[in-house]
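Colleague: In this note's numbering, the protein residues as written are 5 to 302. For every residue, glycine included, the Cβ atom is placed at its ideal position computed from N, Cα and C. Owing to the predicted nature of the structure, the values given are computational and were not obtained by experimental measurement.
#1: How many angstroms separate the CA atom of residue 25 from the CA atom of residue 61?
#2: Relative to the C-alpha of residue 374, which residue among 49, 67, 130, 139 is closest?
#3: Is residue 13 helix, strand or coil by DSSP?
#4: Whole angstroms are fine: how far does the CA of residue 105 sit from the CA of residue 111?
#5: Inspect the beta-carbon positions of residue 191 and residue 177 and report whether they are closer than 8 Å.
#6: Taking the runs of the alpha helix (DSSP H) that are 4 residues or longer, which of them lie wholly in the segment 160–192?
#7: Checking 8 Å against the spacing of the C-beta atoms, do residue 23 and residue 9 come in under that value?
#8: If we ignore side chains and look at the alpha-carbon of each, how far apart do residue 167 and residue 142 end up?
#9: Pull the bridge partners of residue 101 from the DSSP assignment, please.
#10: Excluding the 5 residues flanking residue 276 on each side, which residues of the same chain have their C-beta closer than 7 Å to its C-beta?
#11: Just to confirm, are residue 71 and residue 37 a CB contact at a threshold of 8 Å?
#12: Report all residues from its chain with a CB closer than 7 Å to the CB of residue 90; omit the five preceding and five following residues, and keep chain order.
#13: Going by alpha carbons, who is nearest to residue 103 out of 84, 39, 225?
#14: Reducing DSSP to helix, strand and coil, say where residue 146 ends up.
#15: Distance check for residue 27 and residue 194, CA to CA, integer angstroms please.
#16: If you draw a straight line from the C-alpha of residue 186 to the C-alpha of residue 180, how long is it?
#17: Can you give me the Cβ contacts of residue 267 inside the same chain, cut-off strictly under 8 Å, excluding the 5 residues immediately before and after it?
#18: Among 34, 131, 73, 182, which has the Cα closest to the Cα of residue 139?
#19: Quick one, are the C-beta atoms of residue 255 and residue 232 less than 8 Å apart?
#20: Taking its Cβ as the centre, do 16 or more other Cβ atoms sit within 10 Å of residue 240, making it buried, or is it exposed?
#21: Can you tell me which of the three DSSP states residue 88 falls into?
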């Protein structure tokens, strides 16, 4: 039986053999620039945009690669093609692309890619039930410490925030504020509000990760004729929204049901969220929530 493959430092290898040295700075310091992509119907979603963000992140941390972004794109496409062929019809996978400085002093960055079937069971029920958020006491890192536009694996504050949230509600995700009490993002997802008569409201650019999926949602909002604005948001703004959604590449869109125990809107997925999810599904040719439920138990 064919087995999944991975890519590491220019070589195609068995996914089971993929490993980095314990002396790699990506392991020792968490100095890892990363992108997580997914397929819809076997095709990588927004590959070019993910590679553009990767290139910006590499520039921030000062890592130079021998490969071009086009080269990495070709590898990612081939990796997705090979490993998607091993899945059942209708299933999809995620693809992790990571770059580290390598071993200190070696001047040889580590470049790797690997895939896994999307963990649909993690979020399949949330398309209908919604996601509760808990405002965390753990603050988002100030831009002076870590540039918001840097997509990297050094996210211990996300882990701590989620641990705190789940002590209060095992099904909750953390919502992080900055040091001034302004809403930034959820752990591993961008947040977006919707108000009747106003449209969508996102945290200001420059304060949060420039999400590839968030940018796509803005395109969908334009197609649906929904206004779009950015603002400094307080937790009370989230609580008083008519609807709120999380957006991230693996799950696309999830509705937010509650924040700190208080329902958002009716505490259930709203009509605007449904329109947005349907529009996303139409754009990629996949019924996103149905696919998640179908493969949740694989």
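Modeller: By the coordinates alone:
#1: For the purposes of this step, residue 25 is identified with residue 21 of the chain shown, where counting begins at 1. For the purposes of this step, residue 61 is identified with residue 57 of the chain shown, where counting begins at 1. Going by the C-alpha atoms only, they are around 22 Å apart.
#2: Here the chain covers residues 5 to 302 and nothing more, so residue 374 does not appear.
#3: Here residue 13 refers to the residue found at position 9 when the chain shown is read from its first residue. DSSP places residue 13 in coil when its eight states are reduced to three.
#4: To locate residue 111, count along the chain shown from 1; it is residue 107. To locate residue 105, count along the chain shown from 1; it is residue 101. If you take the alpha carbons of residue 111 and residue 105, they lie about 7 Å apart.
#5: By 1-based counting over the chain shown, the position of residue 191 is 187. By 1-based counting over the chain shown, the position of residue 177 is 173. For residue 191 and residue 177, yes; Cβs fall inside 8 Å.
#6: 160–172
#7: As a position in the chain shown, residue 23 is number 19, starting the count at 1. As a position in the chain shown, residue 9 is number 5, starting the count at 1. Not a contact, by the Cβ cut-off of 8 Å.
#8: One-based indexing of the chain shown puts residue 167 at position 163. One-based indexing of the chain shown puts residue 142 at position 138. Rounded to whole angstroms, residue 167 to residue 142 spans 10 Å at the Cα level.
#9: On the chain shown, position 97 is the one that residue 101 refers to. 39, 117, per the DSSP bridge assignment.
#10: On the chain shown, residue 276 is found 272 positions in, with the first residue counted as 1. Correct list, in chain order: 198, 247.
#11: Along the chain shown, read from residue 1 onward, the residue named residue 71 stands at position 67. Along the chain shown, read from residue 1 onward, the residue named residue 37 stands at position 33. Not a contact, by the Cβ cut-off of 8 Å.
#12: The residue you call residue 90 lines up with position 86 of the chain shown. If we look at residue 90 and ignore the five residues flanking it on each side, its Cβ neighbours are 6, 8.
#13: As a first step, residue 103 is located in the chain shown; it is residue number 99 there, counting from the start. Closest by alpha carbon: 39.
#14: Within the chain shown, the letter at position 142 stands for residue 146. Reduced to three states, the DSSP call for residue 146 is coil.
#15: Locating residue 194 in the chain shown gives position 190, counting from the first residue. Locating residue 27 in the chain shown gives position 23, counting from the first residue. The straight-line gap from Cα to Cα measures roughly 33 Å.
#16: Along the chain shown, one-based indexing puts residue 186 at 182. Along the chain shown, one-based indexing puts residue 180 at 176. Those two C-alpha atoms are separated by around 9 Å.
#17: Position 263 of the chain shown holds residue 267. Taken in chain order, the residues that qualify are 261.
#18: Locating residue 139 in the chain shown gives position 135, where the first residue counts as 1. Closest option to residue 139, Cα to Cα, is 182.
#19: Locating residue 255 in the chain shown gives position 251, counting from the first residue. Locating residue 232 in the chain shown gives position 228, counting from the first residue. No, these two residues do not count as a Cβ contact at 8 Å.
#20: Residue numbering aside, residue 240 sits at position 236 when the chain shown is read from its first letter. Burial call: exposed.
#21: Position 84 of the chain shown, counted from the first residue, corresponds to residue 88. Residue 88 falls in the helix class under three-state DSSP.
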